Amino acid sequence: MTAKERSIEERVDRLHAGGIVDLHFDLPMDLYEKRERENVLETEFLPEFETGNIGVVGVAIYIEDRYMPEMSLRVALDQISRVYAEAEESERFVICKSYREILHARKAGKIALLVTMEGVEPLGTDLDLLRVFYELGVRAIGLTHARRNAAGDGGIFAPSGSARDGLTAFGRDVVQACEALGVIVDLAHISPAGFDEILAITTKPPIISHTNARKYYDIERNITDEQIKMIGERRGVIGVNAVLVSPKKEESTLDRYIDHIEHVADLIGIDGVGIGFDFFEFIYRQWTDSARKELAAKFTTPHFIPGLSNHSHARNLIRRLIERGFSEENIEKILRGNWIRIFKELL
Ligand SMILES: [Zn+2]
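Residue 1089 in this note's numbering is what sits at position 31 of the sequence shown, and the numbering runs on without skipping anything.
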């Protein structure tokens, strides 16, 4: 190793030591599918979290189509049950419901799990259930995935064509109830019309847990420069997604991931960028060929980034950010500081 390489590795070590906040991970559905087994969190996830020094993870309740609509509430509750049971079996994880609890967890060297929800299908059209999920620890909610539900429509995986009618009355009620309760409203996946409407009826800093810039991947599931600026104006944070960085496999690289970070930072400043990796190669690998074909037909074929496809790869990102000229102060903000500010302000 040359002296220069050694000094980069020392900086990587230093930055890595503070831990990483990833605001979107599909953990609950996997724990639910493996509910006959014990210690899944420790045996299958902890090693990668530890290698990557993941400090806070947003774990998203998500209901697959096959459970809709009758089973969605039950499966959501079962997913939360699995997260609690698995976290309890491990010394290393703790479910956090507030900024203070997150800080305590980090001080104790534990991995903080923040339970989130991707798509409000579990609520059906019953606003009272929001309170129940809040009491169970859900602290961030995105109204939709790509499909339509009682709250509104998701942005489609195409450059145009998403539904134009924004939120439903129920969707607006959910958003306002979230703000009143202290649940972070997550704009990931929402259609462009729904995006505008959420910003019009909320006052707190908005977040997008996991998304990408349309500059590099032009689909309505991602966000335009104008949308990025709207988040910036309200001091929000955008988590950059590692699975939709480009429609092309050959361009789905670590450098392109950092291009997204750089693009958001250029438009709204470094304080608006965070991490929302959305790593789901581990789930994709479990699928049959026909399930993968279905995903490709409905949405897109995901291109997992070599060297940034699971949590153990976090150091690769830090190293490349250093090589690309990001200051240590800015890297800290991207890796954790900006999300921590959001937790402090909103939880
Ligand atoms: Zn998603």
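Glycine is no exception: its CB is placed at the ideal position from the N, C-alpha and C atoms.
Quantities reported herein were computed from a predicted structural model and do not represent experimental measurements.
- Counting every other CB atom within 10 Å of its CB across the protein chains shown gives ARG1230 a total of 16 or more, marking it as buried.
- Within a 10 Å sphere around the beta-carbon of SER1249 sit 16 or more other beta-carbons, which makes this residue buried.
- Each residue's CA atom was taken as its position, placing ASP1244 and ILE1266 some 5 Å apart.
- Note on geometry: alpha-carbon atoms of GLY1200 and ALA1251 lie some 15 Å from one another.
- With contacts defined by Cβ atoms closer than 8 Å, GLY1110 and ALA1372 form a contacting pair.
- Within the stretch 1203-1264, the complete beta strand (DSSP E) segments of 3 residues or longer fall at 1242-1244, listed in chain order.
- DSSP places VAL1079 in the uninterrupted beta strand (DSSP E) bounded by 1078-1083.
- In this structure, the C-beta of GLU1176 approaches ligand 1 to less than 7 Å from one of its heavy atoms.
- Non-local C-beta neighbours of HIS1268 in its own chain, meaning closer than 6 Å and more than five positions away in sequence, comprise HIS1082, ALA1246, GLY1297, ASN1299, GLY1334 and ASP1336, ordered along the chain.
- Taken from the Cβ of ASP1123, every heavy atom of ligand 1 lies 7 Å or farther away.
- The beta carbon of LEU1085 sits closer than 6 Å to the beta carbons of VAL1117 from its chain, once the five residues preceding and following it are set aside; these are given in chain order.
- From the listed residues ASN1368, ILE1389, PHE1401 and GLU1387, the smallest Cα separation to LEU1104 is found for ASN1368.
- Within a 10 Å sphere around the beta-carbon of GLU1284 sit fewer than 16 other beta-carbons, which makes this residue exposed.
- Exclusion of the five residues before and after GLU1096 leaves GLU1147 as the residues of its chain whose Cβ lies within less than 8 Å of its Cβ.
- Taking ALA1134 as the centre and dropping the five residues before and after it, the same chain places the C-beta of ILE1119, ILE1121 and PRO1180 closer than 7 Å to its C-beta, in chain order.
- Between VAL1178 and ALA1143, the CB-CB gap reaches or exceeds 8 Å.
- Secondary structure note for THR1174: its beta strand (DSSP E) is the uninterrupted segment 1169-1176.
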